Amino acid sequence: MDKYRLKLYINGRTHRSQAAIDNLERLLERDFPGQYELEIIDVRDDPGQAEEHKILATPTVIRDLPLPLRRVLGDLSERHEVLAGLDLEPVSSRDEGRDDND
Amino acid sequence: MPALLPHRHEHCEANSLSISCVKRNSSSATANWAAQDMSDTTEAWALVNQCPVGISVVDNQGIIQFANRKAAEMLQSSPESVIGSPLGVPLTGGKPVEIDYRYTSGQTGTAEIRALPLRWQGMPAHLLTFHDVTERNLAEQALRHQAHHDGLTGLPNKEHFLRHVEQSIVRAKEVGSGFAILFLDLDDFKTINDTLGHAAGDELLRAIAERLRKSVRGTDLVSRMSGDEFTVLLGGINDTQTAMKVADELHERVFVRMEIAGQNVTPSGTMGISLFPVDGGDAESLLMRADTAMYHGKRSDRNRTHAFKATQGMAPSRRFHLTQALQRAQENEEFCVFYQPLLCVPGGKIDECEALLRWEDPELGLVSPSEFVPMLEETGLIHNVGDWVFREAAACIARCDRAQVPMRRVWVNIAARQLSDGEILNRLDQVTKETGVAPERIGIELTETSVIANIEQSKWVIHRLRERGFRVAMDDFGTGYSSLGLLRRLELDRLKIDRTFVDDMANSRMDRNIVRAVIAMARSMDLGVVAEGVETREQLDSLMAEECEYVQGYLLALPMPVEKLLQFLRTVDGSLLTEEHRRQ
Chain G
105 MDKYRLKLYI
115 NGRTHRSQAA
125 IDNLERLLER
135 DFPGQYELEI
145 IDVRDDPGQA
155 EEHKILATPT
165 VIRDLPLPLR
175 RVLGDLSERH
185 EVLAGLDLEP
195 VSSRDEGRDD
205 ND
Chain V
54 MPALLPHRHE
64 HCEANSLSIS
74 CVKRNSSSAT
84 ANWAAQDMSD
94 TTEAWALVNQ
104 CPVGISVVDN
114 QGIIQFANRK
124 AAEMLQSSPE
134 SVIGSPLGVP
144 LTGGKPVEID
154 YRYTSGQTGT
164 AEIRALPLRW
174 QGMPAHLLTF
184 HDVTERNLAE
194 QALRHQAHHD
204 GLTGLPNKEH
214 FLRHVEQSIV
224 RAKEVGSGFA
234 ILFLDLDDFK
244 TINDTLGHAA
254 GDELLRAIAE
264 RLRKSVRGTD
274 LVSRMSGDEF
284 TVLLGGINDT
294 QTAMKVADEL
304 HERVFVRMEI
314 AGQNVTPSGT
324 MGISLFPVDG
334 GDAESLLMRA
344 DTAMYHGKRS
354 DRNRTHAFKA
364 TQGMAPSRRF
374 HLTQALQRAQ
384 ENEEFCVFYQ
394 PLLCVPGGKI
404 DECEALLRWE
414 DPELGLVSPS
424 EFVPMLEETG
434 LIHNVGDWVF
444 REAAACIARC
454 DRAQVPMRRV
464 WVNIAARQLS
474 DGEILNRLDQ
484 VTKETGVAPE
494 RIGIELTETS
504 VIANIEQSKW
514 VIHRLRERGF
524 RVAMDDFGTG
534 YSSLGLLRRL
544 ELDRLKIDRT
554 FVDDMANSRM
564 DRNIVRAVIA
574 MARSMDLGVV
584 AEGVETREQL
594 DSLMAEECEY
604 VQGYLLALPM
614 PVEKLLQFLR
624 TVDGSLLTEE
634 HRRQ
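Chains as they are written, first to last, in our numbering: chain G, 105 to 206; chain V, 54 to 637.
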């Protein structure tokens, strides 16, 4: 399976931004080690990207790939919400699914 | 019809939307819109639209389906274009979550959002509210800043610095690197304060702070500990040699000539360095060791940087401990006032005394006022402690009155820092008002050096003090540089001859002549004279021969607590003292 490609948009290096980064990185490392690409974009440094992706508020995460595109907004502190909102399927669940199908 | 209203689709299941009929199913926490008749609808739309809280609906793809005017404004969209814009599926975990947004004006702000699941036009969606918390957060930030920064220089304060060091320790352990703590103490700062005044001293501190801030990297942290002490955390330093090199560069940039109060001043400072992890594993230890290195440097080689050496001992420097302990001393009631009687030589009466501040630290024991009073001044604690001494003196007078023992006046010392602002007058007014003690019964002692540090200010304060009825004496007379012209201008009541002249009176003709000259001069200017530090019978005899008006010293009595003073005054009975009295 292709890697998940995610972009996290933050507004400056604030506590709020750092908390979102930590929450997302922790989740990805735990559930998708080696299976994701995460790009962190500070809208203050790169307003062009924010404009291009119509970022209205931060922290916002966009799942670019696989399509369809998913977009969530919040502090990313609730793992299950993040998984559901970005439609991410942890490896263990996918394996279980394959076993079932097999 | 406001432009922000959702498009009225023909298939819209709720043909109207009314704020008055928003219901929330308490069991599922799901909001549902119920139908209302059309006559309510227009008003309800207006209400929603004008609501100062942002209200929006996003679908399960995170696309905005509805937004009132406030929500559109907060999402940097024009009212016309906000609907259909991607916001994102709100993830709030059922609790308020803060997000950043950008106003149409380009300003950024913070909103607290809450989300509830809802069905919108037959589809699952999310109802979002946006509370603008930008102002609240800014106010909180300002309060936090105030609590963690020094008001004079704007630098982080000690508490902030220690927390930053603790965090740096955690990070340094993670990546296996080190850092250095630099403790800087200005040399001769007191002289600047005493000669150019406290305003100039403050100006110097601000200038040093600014130079330090500009001379370090963005990742380093400069803070002001207290008084003339600054600290710097230098990141990514693993050995003493590098730390010394960086510190020397910093020293070169900071300690160059500057103009303070119209004078060219070349400040100097002594710095101490400690390294994490070799010199300590926690913030307090690292700071203490940098302070210890500085303290040792002050005694041997000032205006340089000194690295901490294990041979300097693991204990904190006395100065560091004193600063810490002084902060707690008043709260813990470790200060006390002792009273030393003055003998009026012509009448042989004892009806005055001097109030002397004493401090006994639980660990350091009795600390000399010459050591802790300058630190009280540096830290600004002198004002509160000074007020307390005034109150104690007033209470002593009241106790003497109640006990019917003679106590005409209690003399209280005030420090240069207290003299530097007119606040001392208000503070004394407050004490006399609260205690009912007449100002005539309180004498104020000022040192010659503190008066000379700011002559005009001192002159003004002395004038106002005497206007109120307080008596004023110049303490330690003969050690400073006051002229006869100055004495005439100052409207003093008394001079206190410094003990150094009294000490050698019996043996030194020169000192005896100085005392004689001071007494004669004072008499010609209608000033009273007190000789302090009288410890021997010979000294007393010499002073009596010179017709010195008052004497004070161990020969007469040691400073004592108020209870002992009362007992003492009952027994002396106005006569010159016996050996027995002297030992009490």
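Note that CB positions come from ideal geometry on N, CA and C, so glycine has one too. From a predicted model like this one, the values you see are computed outputs, not experimental measurements.
query: Nearest-angstrom Cα distance between Gly231 (chain V) and Pro330 (chain V)?
result: Counting from one through the second sequence, the residue named residue 231 (chain V) turns up at place 178. Counting from one through the second sequence, the residue named residue 330 (chain V) turns up at place 277. Rounded to whole angstroms, Gly231 (chain V) to Pro330 (chain V) spans 6 angstroms at the Cα level.
- prompt: Given Leu619 (chain V), which residues of its chain have a CB within under 8 angstroms of its CB, disregarding the five upstream and five downstream residues?
  reply: By one-based count along the second sequence, residue 619 (chain V) stands at place 566. Hits under 8 angstroms: Arg452, Cys453, Ala456, Val458.
- prompt: Going along chain V, which residues have a C-beta under 7 angstroms from Glu182 (chain G)?
  reply: For the purposes of this step, residue 182 (chain G) is taken as the residue at position 78 of the first sequence. The answer, in chain order, is Leu144, Gly146.
message: I want to see whether chain V comes within less than 9 angstroms of Lys111 (chain G), judged by CB atoms only; does it?
response: Position 7 of the first sequence, counted from the start, is the residue given in the question as residue 111 (chain G). No, Lys111 (chain G) lies away from the interface with chain V (no Cβ there is under 9 angstroms from its Cβ).
message: Please confirm whether Val169 (chain G) has its beta-carbon closer than 9 angstroms to some beta-carbon of chain V.
response: Your numbering for residue 169 (chain G) matches position 65 in the first sequence. Correcting the residue type first, residue 169 (chain G) is Leu in the shown sequence and not Val. With 9 angstroms as the cut-off, Leu169 (chain G) does not count as an interface residue toward chain V.
Residues near Ala336 (chain V) by beta carbon distance below 6 angstroms, same chain, minus five either side: Taking the second sequence and counting its residues from 1, the one referred to as residue 336 (chain V) is at position 283. Excluding residues within five positions, the ones whose Cβ falls inside 6 angstroms are Leu215, Val218, Glu219.
query: Can you list, in chain order, the residues of its chain whose CB lies under 8 angstroms from that of His516 (chain V), leaving out five sequence neighbours each side?
result: Numbered from its first residue, the second sequence carries residue 516 (chain V) at position 463. Cβ within range, chain order: Glu544.
query: Rounded to whole angstroms, how far is the Cβ of Arg175 (chain G) from the Cβ of Val142 (chain V), which I believe are closer than 8 angstroms?
result: By one-based count along the first sequence, residue 175 (chain G) stands at place 71. By one-based count along the second sequence, residue 142 (chain V) stands at place 89. Confirmed, Cβ separation roughly 7 angstroms.
field: Helix, strand or coil at Met176 (chain V) according to DSSP, with G and I counted as helix
entry: As a first step, residue 176 (chain V) must be located in the second sequence, where it is residue number 123. Strand at Met176 (chain V).
query: Quick one: which chain V residues come within Cβ less than 7 angstroms of Asn115 (chain G)?
result: Taking the first residue of the first sequence as 1, we reach residue 115 (chain G) at position 11. Those are Asp153, Thr161, listed as they occur along chain V.
Rounded separation between Gly439 (chain V) and Leu112 (chain G) - CA only: Working through the second sequence from its first residue, we reach residue 439 (chain V) at position 386. Working through the first sequence from its first residue, we reach residue 112 (chain G) at position 8. If I take the Cα positions, the gap works out to 58 angstroms.
CB contact below 9 angstroms: Val150 (chain V) versus chain G: Here the question's residue 150 (chain V) lines up with position 97 in the second sequence. It does; some Cβ of chain G falls within 9 angstroms.
field: alpha helix (DSSP H) segment containing Thr553 (chain V), residue limits
entry: Translated into positions along the second sequence, residue 553 (chain V) becomes position 500. Segment 552-556, the alpha helix (DSSP H) holding Thr553 (chain V).
field: Residue-chain proximity (Gly178 (chain G), chain V), Cβ-Cβ < 9 angstroms
entry: Within the first sequence, the letter at position 74 stands for residue 178 (chain G). At least one chain V Cβ lies under 9 angstroms of Gly178 (chain G).
The segment 110-122 of chain V: positions lying closer than 8 angstroms to chain A by Cβ: The question asks about chain A, but that chain is absent: this structure's protein chains are G and V.
message: Using the Cβ count rule (16 or more neighbours within 10 Å means buried), how would you classify Tyr607 (chain V)?
response: Counting from 1 along the second sequence, the entry for residue 607 (chain V) is found at position 554. By the neighbour-count rule (16 or more Cβ atoms within 10 Å), Tyr607 (chain V) is not buried but exposed.
task: Compare the C-beta of Lys107 (chain G) against all C-beta atoms of chain V and say whether one is closer than 9 angstroms.
output: To locate residue 107 (chain G), count along the first sequence from 1; it is residue 3. No, Lys107 (chain G) lies away from the interface with chain V (no Cβ there is under 9 angstroms from its Cβ).
- prompt: Listed from N- to C-terminal order along the chain, which residues in the segment 163-174 of chain V have their beta-carbon within a distance smaller than 7 angstroms of any beta-carbon of chain G?
  reply: none
message: I need the straight-line Cα distance from Lys486 (chain V) to Glu476 (chain V), nearest angstrom please.
response: As a working note, residue 486 (chain V) is residue 433 in the second sequence. As a working note, residue 476 (chain V) is residue 423 in the second sequence. Each residue's alpha carbon lies about 15 angstroms from the other.
query: Looking at the unbroken alpha helix (DSSP H) that takes in Gln510 (chain V), where does it start and where does it end?
result: The residue given as residue 510 (chain V) occupies position 457 in the second sequence. Gln510 (chain V) -> alpha helix (DSSP H) spans 508-521.
- prompt: Using a C-beta cutoff of 9 angstroms, does Pro139 (chain V) count as contacting chain G?
  reply: Taking the second sequence and counting its residues from 1, the one referred to as residue 139 (chain V) is at position 86. By this cut-off, Pro139 (chain V) is an interface position.
message: Helix, strand or coil, according to DSSP, for Val490 (chain V) in the structure here?
response: If you number the second sequence from 1, residue 490 (chain V) lands on position 437. Looking at Val490 (chain V) - three-state DSSP - the assignment turns out to be coil, as it is neither helix nor strand.
- request: List the residues of chain V that Leu187 (chain G) touches, going by C-beta distances under 9 angstroms, in chain order.
  value: Along the first sequence, one-based indexing puts residue 187 (chain G) at 83. Within 9 angstroms Cβ-Cβ: nothing; Leu187 (chain G) doesn't reach chain V, min ~10 angstroms.
task: With Asn317 (chain V) as the anchor, note down where its beta strand (DSSP E) starts and where it stops.
output: Counted from its first residue, the second sequence places residue 317 (chain V) at position 264. That run of the beta strand (DSSP E) goes 316-318.
message: Could you pull the DSSP bridge partners for Ala526 (chain V) from this structure?
response: As a first step, residue 526 (chain V) must be located in the second sequence, where it is residue number 473. Per DSSP, V:Glu498, V:Arg547.
message: Using C-beta distances below 7 angstroms, list every residue in its chain close to Arg183 (chain G), excluding the 5 sequence neighbours before and after it, in chain order.
response: Translated into the one-based positions of the first sequence, residue 183 (chain G) becomes position 79. The answer, listed in chain order, is Leu131.
- prompt: Pick from V:Gly204, V:Asp240, V:Arg224, V:Thr323: whose alpha carbon is nearest that of Ser276 (chain V)?
  reply: Taking the first residue of the second sequence as position 1, residue 276 (chain V) is located at position 223. Looking at the Cα atoms, V:Gly204 is the closest of the given residues.
query: Which residues of chain G have a Cβ atom closer than 7 angstroms to the Cβ of Leu128 (chain V), listed in chain order?
result: In the second sequence, residue 128 (chain V) corresponds to position 75, counting from 1. Leu160, Ala161, listed in chain order.
- request: Could you say which of V:Val604, V:Leu593, V:Arg542, V:Asn560 lies nearest to Met578 (chain V) if we only look at CA atoms?
  value: Here residue 578 (chain V) refers to the residue found at position 525 when the second sequence is read from its first residue. Comparing C-alpha distances from Met578 (chain V) to each of V:Val604, V:Leu593, V:Arg542, V:Asn560 shows the shortest one belongs to V:Arg542.
message: Can you confirm whether Arg130 (chain G), when its beta carbon is compared against all beta carbons of chain V, has any partner nearer than 9 angstroms?
response: The count along the first sequence starts at 1 and reaches residue 130 (chain G) at position 26. Answer no: the Cβ-Cβ gap between Arg130 (chain G) and chain V never drops below 9 angstroms.
- request: Identify which residue in V:Asn113, V:Val465, V:Gly207, V:Phe236 has its Cα closest to the Cα of Ala188 (chain G).
  value: Stepping through the first sequence from its first residue, residue 188 (chain G) is reached at position 84. Taking each of V:Asn113, V:Val465, V:Gly207, V:Phe236 in turn and checking the Cα distance to Ala188 (chain G), the smallest one comes out for V:Asn113.
- request: To the nearest angstrom, report how far apart Ser327 (chain V) and Cys389 (chain V) are at their CA atoms.
  value: In the second sequence, counting from the first residue as 1, residue 327 (chain V) sits at position 274. In the second sequence, counting from the first residue as 1, residue 389 (chain V) sits at position 336. So the two alpha carbons sit approximately 37 angstroms from each other.
task: On the DSSP bridge assignment, give the partners of Phe183 (chain V) in chain order.
output: Numbered from 1 along the second sequence, position 130 holds the residue referred to as residue 183 (chain V). V:Gly107, V:Ile166, per the DSSP bridge assignment.
query: What residue does the beta strand (DSSP E) around Lys402 (chain V) start on, and which one ends it?
result: Taking the second sequence and counting its residues from 1, one reaches residue 402 (chain V) at position 349. Lys402 (chain V) -> beta strand (DSSP E) spans 402-414.
query: Just how far apart, CA to CA, sit Ala124 (chain G) and Arg155 (chain V)?
result: Position 20 of the first sequence, counted from the start, is the residue given in the question as residue 124 (chain G). Position 102 of the second sequence, counted from the start, is the residue given in the question as residue 155 (chain V). Cα-Cα distance, rounded: 18 angstroms.
Coarse secondary structure for Phe236 (chain V), derived from DSSP in three states: Taking the first residue of the second sequence as 1, we reach residue 236 (chain V) at position 183. Strand, per DSSP.
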